[in-house]
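Note that the sequence shown covers residues 1 to 477 in the UniProt record's numbering.
We put the beta carbon where it would ideally sit given N, CA and C, even for glycine.
Model, not experiment: these values are computed from the prediction.
Written below as structure tokens is the structure these notes are about.
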Amino acid sequence: MSRLDYSRWDNLELSDDEDVECHPNVDKASFIRWRREDIHRRRQERRDKIEALKAEQMMNAALIARLTALEDSKELKDGASLTAIADRFRKQGRASDAERQGENPPFDEMIAVLLLQVQDAFNAAEKRSGGVAEPAAWLSDNVRQHREKLKQRQSEAATELAKLEHEEGRTMTTENICRDGFNKTIVNKDKSASAAKMAAKETKKTAKETVEVLNPGYKDAAQKQVSATSSAQGRPIKRSDNDNDDDDIYIRTEEALEFAQTTALPDSYRLVKANLWLLDDAIADQILAEAFEQQLADNGKMAQCYVRQAKILQYCAEMGPRGFEAFFQRLLGQDTRARQVFDEDVAKTYAHVQSRCKIIRKEKEQERERDAKRNELAGGDPNEPIEIAIPDNASDYDRKRAEAFSSFPAPFQHALLSGDLNKVNEALVGMEDEEAERILQLCKETDLLQIEEMEDDGEGEEAESEEEVIADKAPSP
């Protein structure tokens, strides 16, 4: 059995930890406050020291580089040359403050001050000994000593900095226990300004209209603009005079039909680029509905083509009016992963179309069988009763309906099976009122007929009820 490891919390530094012990004579709340202030003060001092050491390291590195370059240049010959070099560094430091570190002077001015110290030491040495035998060697050696001191200090600062950074990283605080995974900034543009810019741009357009948006990533605005222009574009398909059933016609324009029947991706890209109004979910739904019709007509190859083209429009519509270019680039590029994912989605959608069409065919076949059987029974002798065969595994509900149907007069049975409202009314008219009311009540209780009762309320008048036959649900014999 694994054991939970809580060792990582040993370094957790809590400034407000109340689980501490203090002297009984010391107020615990005050002790916790003093302890918190001390922890925060030491933490801030440590961080200030780290920043100071980093700045000192950068400064020492710059000074060491300048002293090394000065020593290698062989310009230090005597006291006069040293004075000229110091003046040059002083002027350079005053001319530019780019390398100033906080309140510290620029690096060149620091070098000038250091050279003045070397000059004072050189003058003192001349006075003591009556002159320096080799001024150039003496000056170079003195500059080298200052450079070595800076290097030694650089090493000490690095050691101290590493120690402080280790101490800073050893404890876990609210500032270092977490880090930013990512940052994201979203700027919402003014819709009114965007609309004004679009209106100004449209006034400058020529006769050729191009769908443009200021922000292609804003799907809703782009989709509304494309939908608004889609109804006004495209050539409607010419229908023959005999083709009067518009309910079975889904694709309405020649451009959409041409795109739906296109099998090559480059041709699809060309059509979409020339007709941006095709990037609409309504067009994709039209093509997908036509795919169902083709599958029901046993034209599976064309149905699969329609499904693929509908999916292309759906993907492009999701990516915006100008996102279709990136979509086609991925499908036509060297990387086959995007094409593989797209083909899998098309195959999945086409499989769904196939399964739904099988169910639709089965339902239509069952409906035709029921109609044929109903017509066969209704077309017999209207005075001959119809017997209902009740299977052994029938439910109580079905048995009750069959018994009710068998109790009806033969003319009413035939009228009920015909599904004709006029025949049902004629059969009821030929009955006595009590018998007709009994039959209608029994039909209502067994759901053989759906009857709506409409009552007209009035003061001092009896309510009249009108019974309307909605649909027949006669049990199958």
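{"Item": "With DSSP run on the structure shown, which of helix, strand or coil describes L279?", "Value": "coil"}
{"Item": "In the DSSP output, what is M172 paired with across the bridge?", "Value": "L12"}
{"Item": "Using the Cα positions of A232 and T253, report the straight-line distance between them to the nearest angstrom.", "Value": "Annotation note: pLDDT 45 at A232 (below 50); position unreliable, coordinate value reported separately. Straight-line Cα distance between these residues: approximately 11 angstroms."}
{"Item": "What span of residues does the alpha helix (DSSP H) with Y250 cover, start to end?", "Value": "That residue, Y250, is in no alpha helix (DSSP H); it is neither H nor E in DSSP."}
{"Item": "Considering only DSSP beta bridges, list what L139 is partnered with.", "Value": "In DSSP, L139 forms no bridge with anything."}
{"Item": "Between the alpha carbons of D335 and L271, how many angstroms are there, rounded?", "Value": "23 angstroms"}
{"Item": "In whole angstroms, give me the CA-to-CA distance for A61 and E168.", "Value": "24 angstroms"}
{"Item": "State the DSSP-derived secondary structure class of P105, mapped to helix, strand or coil.", "Value": "coil"}
{"Item": "Would W277 be called buried (16 or more neighbouring beta carbons within 10 Å of its own) or exposed?", "Value": "buried"}
{"Item": "Going straight from the alpha carbon of I50 to that of A137, what length do you get?", "Value": "38 angstroms"}
{"Item": "I'd like the list of long-range same chain contacts for F324, defined as Cβ closer than 7 angstroms, with 5 residues on each side in sequence excluded.", "Value": "V272, L279, C316"}
{"Item": "Is I251 closer than 8 angstroms to Q294 when the C-beta atoms are compared?", "Value": "no"}
{"Item": "Name the one or two DSSP bridge partners that L271 has.", "Value": "Beta-bridge pairing links L271 to no other residue."}
{"Item": "Figure out for me which residue from P409, L449, L116, A264 has the closest Cα to the Cα of M431.", "Value": "P409"}
{"Item": "Would you identify the three-state DSSP class for P236, choosing helix, strand or coil?", "Value": "strand"}
{"Item": "Under the three-state reduction of DSSP, which class applies to L428: helix, strand or coil?", "Value": "helix"}
{"Item": "Near R179, what residues of its chain come up, given a Cβ to Cβ distance below 7 angstroms and the 5 sequence neighbours on each side ignored?", "Value": "none"}
{"Item": "Counting beta carbon pairs with one atom in the stretch 331–351 and one in the stretch 300–313, are three or more of them shorter than 8 angstroms?", "Value": "yes"}
{"Item": "From the DSSP secondary-structure annotation, give me the bridge partner or partners of L416.", "Value": "According to DSSP, which records beta bridges pairwise, L416 is partnered with nothing at all."}
{"Item": "Would L150 and F107 be called neighbours here (beta carbons separated by less than 8 angstroms)?", "Value": "no"}
{"Item": "Given that a residue counts as buried once 16 or more other Cβ atoms are within 10 Å of its Cβ, and exposed if not, what is S7?", "Value": "exposed"}
{"Item": "So what's L449 in DSSP terms, helix, strand or just coil?", "Value": "strand"}
{"Item": "Kindly indicate the opening and closing residues of the alpha helix (DSSP H) around F65.", "Value": "Per the sequence presented here, residue 65 reads as Ala, with Phe not at that position. Looking at the DSSP string, the run of the alpha helix (DSSP H) that includes A65 is 28–73."}
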